[in-house]
Amino acid sequence: MDYAIQQILNALSFGAEYALLALGLAIVFSIMGLVNFAHGEIIAAGGYSMFAISALLTGNPWVVIVGALIVAVLTSVLLERLAFRPVRYADPATGLLTAFGVSMILQNLFLLLVSPRPIAVTNLYFLNWPIEIGSVQISTLQIFETVSTAVAITVLVLFLRMSSFGIAMRAASLDFEMVRLMGIKANRVVAVAFAVSGLLAGLACIFIMARRGSVDPTFGFNPVLKAFVACVVGGFGSLGGAVLGGFLLGAIEVGMLVVLPQSYGGMKEAFVFGIVALILVWRPNGILSPPVEKGDKL
Amino acid sequence: MSKLKTGTVLSGVAMAVMVASSVAAQETIKLGFAVPLTGEYAPYTSVQGAKCMAEMINKAGGVDGKMFELMVQDVGTDSQTAISLSEKFLEAGAITISTIPFSDTMIPVSQIASEYGATVIQAQSTQVEMHSGIVDNFITNVSPDPFTATAGANFALAQGVKNVVLFTSDEGGSWSAKTPVWFGDVIEANGGKVQASLNFSFGTSDWSPQIAEMKKLDPKPDAVYISSVMPDVGVLVRQMRTAGLDAWVIGSDGLDDPSLDAIGEADASILDKVAFATLAPSHADSAMAKFRAECADLNIPVEGLFPALGSDIVMAIAYGVEKAGSVDPVAVREAMRAADSIPAKTVANVSFKEHSSYAQRTIPVIGFKDGKRVLISNEIPEGVPGDWK
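These protein sequences, in sequence, are chains A and B. Per numbering that gives the first Met the number 0, the first sequence starts with residue 0, numbered consecutively. Per numbering that gives the first Met the number 0, the second sequence starts with residue 0, numbered consecutively.
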C-alpha cells in the first residue's frame, strides 16, 4: 500500500512538471497557432543565467531564482520580436520550422559559447529535502513543484479572466483580426503571451535545476517534447487540456515503469506512446480539444 | 630552338614542382576528423586533445621532420555527413579518420577508408560492436566496455558488495544496456546476486519510481551499477541518499565529468560511496590533468576526459609513422599493431598487438575522499566475461 501511495505521489510530481511545461507551450499556441519548440531553449537560457549570476554576481539562491525568471521572460519576448513576429502571418509550417531553427541555433550557441558539457549550478539543492508522512517519504521539491503548478494555473486563469490584457488575449485567441480592428495592439498582446510563456519556462527551469544541478545545451529539449505530447493528449490550444495532458502523461510514464516487467523495460516509451495513440483514436483532437466551431480556445 | 629551350625549362619547372609537392606531401601526416563539434555528441569529440598533441609534436620538429596536419569538420550527429566528409579527407590524403563514436557511423566509414588503405582510429570508442571482425582497419585507443564493467565489479567485490541492482537502458546501445549486465555477471561469478534490473531513459531528472522499487527490496542492495551520463547519475545519487539508500553507486566512464564532483560541494559525504571505472585517470595530479594544463598554456582548451584522449591517438600515429618510416597508411597501421608498447599521454602506454582493434590498457577506478577524486586502482582487470565478442 505504501509502495502504491509512493508511486502515485511520484506520478503527481512528474505530471506537475509536464503540466507546467505544457502550459507554456499552450498559451503561445492559443494566441498564435505556433508550436514553440524553442521553449526548451528558453528554459536552458534560465539555467545558463543561473550559472552566470552565481559565477559573476552572487550565489544567493533567491537572487539566482529571480534572475533566471527575468532572463527567461526576456529571452521569450526577444525571440518573439526577432524570430516569430516576422513570420506571424505566414503558413503555420513556417512558424514551426522557425521554432525548430531557433531551437537549434540556441542549442549550438550554448554549446560553442559556453560548453558542450554539463555546467554545475548547485545553489538550488536547498529546495530538496525529504519529509516522512507516515511511512511514505516525499521530497519537498515534489511538493513545491506540484503546489507551484497549481498556483501558476490559478494565477493564469485569474489573469485571463480579470485583467484587461488577459481578456484581450482570450479575445485574440478567438479572432485575432477582430481584436486588432477593436484597437488593441496585436504586438502587445502577443508579447504578453510570450512573456507569460517565458515566466512559466523560468518556473520550470527552477525545479529542473534544483533536481539536476547542472545545465547543458540540450537541457530543455526533451522536457519540451514531453510537454508537446501532453498538449496533444490534452487538446492543443486548451490550457486545461495542457494541464490534464501533463498529469495524464506523468501517470502513464510512472505506471509503465511500475507495471512493465524489466524484460520489457526497453519498450517503456513504446507502451507510453501506444497509450497516447489510443487516447488520440478516442479523441483525435485531444481530450479537452477546444470547441473550434465556437472559436472558444481559452 | 628557342621554343625547345622554353619547353625544356617549363618541363623542368613542372618536374621540380611535382617532386617538391611530393616531398611536401610525404612530410605531412594528414589526419581527418569528421567529428561532432555541435549537437548532442559534441562532448565526446577528441579533437582538442589531438590538436594540442599535434601542436606539441610539430613544435618539437615533427616525426622525423614530418608535420601533423589535422583536417577537422563538424558532422553534428549525422552519419551521412560523416561519410561524405571522410571521403573528402581521404581524397585529400588523410591516413586516418576519426568520426562519430558509434558503430552505425564507424562501420561504413571504415569500409570506405579501407579502399584507401586508411585506418579509422577512435580515441574513446568503447562499444563492443566494432570488434566482431566486420572491418579490419579499425582501431580504438581504449578497452571495450566489458573491461570497465569488470574493473567496477572487482572494486565492488573488494568492498564486500553482495547484492546489486542494475540500471539498464537501450538508448546508449551496448554501453548502457550490456555494461551493467557484464558487471552483474562478474558479481554473480564471485558469489554475489543481481537483485533486480531497473530500466531508465537518458535525460532522467527524477528517479523516484526506480528508488521506490529499490526500497521494496529485502535485503537492501549493497550497490547499484549504471552506465549513463551526467547529470543524470548525479541526480540518482542525491535522490538515493535523500531516500535513505546508502548503497554504493558504481558506474562507467559516463560518470567522469566535473558535474559529478559538484554534487559534493555542499556535503562531501554524498560522494563517499560513489566510484566509477573509466578510460584514464582524471584525479588532480594525473597525467591527464597535467596535459590539460599544458594545453591551456598553448591556448588550446581541452575540456575533460574525451577530448584529452585525442592526445593518445596522435601519439600512436606518430609512433606508427616513425616505425614505418613513411606515411603509408597500411604501413603505419601495421607498425602500430606490431608494437609491444606505445607511449601514451593519459595512461603510461597502450598496445594493440594482442587484440588489433582495441588497446590493451589499464582501467582506472576513481572514487572520492572528502569530495575530491582519488585513484583507487589502475590495472588491467582480471576475470573479464569471455562471451562479449
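Here a beta-carbon is modelled for each residue, glycine too, at the ideal position from N, C-alpha and C.
- Please decide whether S281 (chain B) counts as near chain A, where near means a Cβ-Cβ distance under 9 Å. Among the CB atoms of chain A, none fall inside 9 Å of the CB of S281 (chain B).
- Mind the definition here: the region 101-121 of chain A touches the region 205-216 of chain B only if three or more C-beta pairs lie below 8 Å; say whether that holds. Cβ pair count under 8 Å is below three, so no.
- Just how far apart, CA to CA, sit A71 (chain A) and P208 (chain B)? Spanning the two alpha carbons is a distance of roughly 30 Å.
- Item | Bridge partner(s) assigned by DSSP for I225 (chain B) | BP columns for I225 (chain B) point to B:F166, B:G250.
- Query: Among B:T277, B:M52, B:V329, B:M239, which has the Cα closest to the Cα of S204 (chain B)?
  - Reply: If we check each option's Cα against that of S204 (chain B), B:M239 comes out closest.
- Hey, how far is the Cα of N153 (chain B) from the Cα of S12 (chain A)? Spanning the two alpha carbons is a distance of roughly 38 Å.
- Query: Is the number of C-beta pairs between the region 290-301 of chain B and the region 105-116 of chain B that are closer than 8 Å three or more?
  - Reply: Note that the region 290-301 of chain B does not touch the region 105-116 of chain B; fewer than 3 beta-carbon pairs, one per stretch, sit closer than 8 Å.
- Query: Straight-line CA distance for R360 (chain B) to K177 (chain B)?
  - Reply: About 21 Å.
- Message: Between which two residues does the alpha helix (DSSP H) holding N107 (chain A) run?
- Response: Counting along the chain, the alpha helix (DSSP H) containing N107 (chain A) begins and ends at 91-112.
- Item | Opening and closing residue of the alpha helix (DSSP H) in which F146 (chain B) lies | First-last of the alpha helix (DSSP H) with F146 (chain B): 144-157.
- Task: Output, in chain order, the set of chain A residues within a Cβ distance shorter than 8 Å of K215 (chain B).
- Result: Contact note: K215 (chain B) reaches chain A through Y2, using a C-beta cutoff of 8 Å and chain order.
- Query: According to DSSP, which residues form a beta bridge with V214 (chain A)?
  - Reply: Per DSSP, A:I118.
- Meets three-Cβ-pair contact criterion under 8 Å: the region 257-276 of chain B and the region 194-204 of chain B: With contact defined as three or more Cβ pairs closer than 8 Å, the region 257-276 of chain B and the region 194-204 of chain B are not in contact.
- Beta-carbon neighbours of E187 (chain B), restricted to chain A and to distances below 9 Å: Here the premise fails: no neighbours, minimum Cβ distance about 16 Å.
- Task: Please list, in chain order, all residues of the same chain as F158 (chain A) whose beta carbon is under 6 Å from its beta carbon, the five residues on each side excluded.
- Result: The beta carbon of F158 (chain A) sits closer than 6 Å to those of G165, all from its chain and outside the five residues before and after it, given in chain order.
- Could you tell me if M52 (chain B) is buried or exposed, where buried requires 16 or more neighbouring beta carbons within 10 angstroms of its beta carbon? Sixteen is the threshold: when 16 or more other Cβ atoms of the shown chains lie within 10 Å of the Cβ of M52 (chain B), as they do, the residue is buried.
- Message: According to DSSP, simplified to helix, strand and coil, what is R372 (chain B)?
- Response: Residue state, collapsed to three classes: strand.
- For the region 293-305 of chain B, enumerate the residues whose C-beta is nearer than 8 Å to any C-beta of chain A, in chain order. Per Cβ criterion, the list reads E302, G303.
- Using a Cβ-Cβ distance under 9 Å, would S229 (chain B) count as near chain A? Per the sequence shown, the amino acid found at residue 229 (chain B) is Met instead of Ser. At least one chain A Cβ lies under 9 Å of M229 (chain B).
- Task: Report all residues from its chain with a CB closer than 7 Å to the CB of V326 (chain B); omit the five preceding and five following residues, and keep chain order.
- Result: For V326 (chain B), where only same-chain residues beyond five positions count, the Cβ hits under 7 Å are Q25, I28, K65, I94, V320.
- Counting along the chain, where does the alpha helix (DSSP H) carrying E114 (chain B) start and finish? 102-114 is the extent of the alpha helix (DSSP H) around E114 (chain B).
- Message: Tell me which residue opens and which closes the alpha helix (DSSP H) that M66 (chain B) is part of.
- Response: Element bounds for M66 (chain B): not the alpha helix (DSSP H) but the beta strand (DSSP E), 66-73.
- Message: Three or more C-beta pairs under 8 Å: does that hold for the region 56-73 of chain B against the region 334-344 of chain B?
- Response: Flag = no, the region 56-73 of chain B and the region 334-344 of chain B do not touch.
- Query: Which class does D1 (chain A) belong to by DSSP, given the choice of helix, strand or coil?
  - Reply: Of the three classes helix, strand and coil, the one that applies to D1 (chain A) here is helix, per DSSP.
- Message: Among the candidates A:L8, A:Y2, A:I286, whose CA atom is the shortest distance from the CA of V146 (chain A)?
- Response: That would be A:L8, whose Cα lies nearest to the Cα of V146 (chain A).
- Have a look at the DSSP bridge pairing and note the partners of Y357 (chain B). The partner list for Y357 (chain B) (beta bridge, DSSP) reads B:T139.
- Item | Below-9 Å beta-carbon distance, D390 (chain B) vs any chain A residue | Given a span of 0 to 388 for chain B in the structure shown, any question on residue 390 (chain B) remains unanswerable.
- Amino acids of chain B, ordered along the chain, whose beta-carbon sits closer than 7 Å to that of I207 (chain A): The answer, in chain order, is S204.
- Message: Using beta carbons (cut-off 9 Å, strictly below), is G250 (chain B) in contact with chain A?
- Response: Between G250 (chain B) and chain A, the shortest Cβ-Cβ separation is not below 9 Å.
- Going by DSSP, name the residue or residues bridged to K215 (chain B). K215 (chain B) is bridged by DSSP to nothing; it lacks a bridge partner.
- Element boundaries [alpha helix (DSSP H), containing F32 (chain B)]: From DSSP, F32 (chain B) is part of no alpha helix (DSSP H) but of the beta strand (DSSP E) over 27-34.
- Task: Could you tell me which residues DSSP pairs with F275 (chain B) in its beta bridges?
- Result: Paired residues: B:G250, B:I365.
- Compare the C-beta of T167 (chain B) with all C-beta atoms of chain A and state if any pair is closer than 9 Å. Closer than 9 Å to some Cβ of chain A, the Cβ of T167 (chain B) qualifies, so yes.
- beta strand (DSSP E) runs contained entirely in the region 227-273 of chain A, provided each spans 3 or more residues: Counting only runs of 3 or more residues that sit fully inside the region 227-273 of chain A, no beta strand (DSSP E) segment turns up.
- Query: When you compare only the Cα positions, how much space is there between F50 (chain A) and G370 (chain B)?
  - Reply: In a straight line, the C-alpha of F50 (chain A) is about 21 Å away from that of G370 (chain B).
- Nearest residue (CA-CA) to I375 (chain B), options B:A49, B:W387, B:D271: Comparing Cα positions, the closest option is B:D271.
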